[in-house]
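What follows is one structure encoded as structure tokens, with my remarks underneath.
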Ligand code: G1P
């Protein structure tokens, strides 16, 4: 069973300044729900029940979001707006939220290592909340958990991206073992596009086995002077096996203004369709 999901959420969100000056980027709404809540719902759909959130200074709104707000509850109770709190109440009442702070921003690999105390010695999911995903039939993490039960190793989600954008990502080279499933042979973080090993870019969904922590503890800073999860996964692949999975679904890069607007339009249209359907069903 994979019970825990780690959410690195300590980053500054500088691309969204000034909006992110006093609120965490993970709390920016896509329509009426903060980004991180989409990620939490995806993890729950994949069977996870404990959310391990790596926060930092200025991120307390995340903790408040996944907690009871007595004042708001009593104000809204019995009014026509009460249903708006239904989903978040359900999360707060039924799932566990744990937190630790990353005191220095030393990279994604470092953020994952900081989460070790929350995860312990078991396999876990990782969601980068600004990669907003919508799976076909089931969520991307749920697809990956299914594969974990078969392969019992770390798994990264990948998608094809155009060559001019490949330098923004972790990129894999692998041997296809099933359709859309690759055994990783090499991985590079933010390669020079001319030297990228393929057009398969890692996106922010991972299943990691806990031996990743000891690898992260020992690696040196890589691309951008940061401790890179990609570098640790490359070592894990060399020692044993890591799989890349071309997931089925859509992904929006909500770390960029363009992707954020695209996601907003997409989820707004979806909400409108659902509302029309609900009215018809009544
Ligand atoms: C991180 C990872 C990178 C991955 C990307 C997906 O990069 O380091 O390997 O491809 O997320 O969004 P970041 O976007 O934090 O620079």
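In the numbering used here, the protein residues as written are 11 to 292. Ideal placement from N, C-alpha and C gives every residue a C-beta, glycine not left out.
Is the distance from the Cβ of residue 163 to the Cβ of residue 253 below 8 Å? yes
What is the residue span of the alpha helix (DSSP H) that residue 241 lies within? 239 to 249
Out of 260, 45, 281, 235, point me to the one whose CA is closest to residue 171's CA. 260
Given residue 205 as reference, the closest of 114, 28, 149, 177 once Cα atoms are compared: 177
Can you tell me which of the three DSSP states residue 228 falls into? helix
If you count every other CB in all the chains shown that lies within 10 Å of the CB of residue 18, and 16 or more means buried, which is it? buried
Taking residue 13 as the reference, which of 61, 267, 43 has the closest Cα? 61
Using beta-carbon positions only, say whether residue 169 and residue 256 come within less than 8 Å of one another. yes
If we count the other Cβ atoms within 10 Å of its Cβ and call it buried at 16 or more, is residue 47 buried or exposed? buried
Could you give the residue range of the beta strand (DSSP E) that holds residue 195? 191 to 199
What does DSSP give as the partner residue(s) for residue 210 in the beta ladder? 170
For a quick check, are the C-beta atoms of residue 88 and residue 226 less than 8 Å apart? no
Any heavy atom of the ligand G1P inside 7 Å of the beta-carbon of residue 179? yes
So, for residue 272: in the same chain, excluding its five sequence neighbours on each side, which residues have a beta-carbon less than 7 Å away from its beta-carbon? 262
With respect to the alpha helix (DSSP H) encompassing residue 1, which residues constitute its N-terminal and C-terminal limits? No information on residue 1 is available, as it lies outside the stretch 11 to 292 that the chain covers here.
In chain order, what residues of the same chain lie with their CB nearer than 7 Å to the CB of residue 219, ignoring the 5 residues before and after it? 133, 163, 164
Counterpart residues of residue 262 in DSSP-defined beta bridges: 142
Give the DSSP-derived three-state secondary structure of residue 56 in the structure shown. coil
Could you tell me whether the segment 232 to 240 touches the segment 109 to 124, where touching means 3 or more Cβ pairs closer than 8 Å? yes
For a test of your reading of the model: does the CB of residue 212 fall under 7 Å from any non-hydrogen atom of the ligand G1P? Yes or no. yes
Helix or strand or just coil, what does DSSP make of residue 219? coil
Please indicate yes or no: does the CB of residue 199 lie closer than 7 Å to some heavy atom of the ligand G1P? yes
Where do the N-terminal and C-terminal ends of the beta strand (DSSP E) with residue 184 fall, by residue? 180 to 188
Residue 65 by DSSP, collapsed to three states: which one? strand
What is the DSSP secondary structure of residue 252, counted as helix, strand or coil? strand
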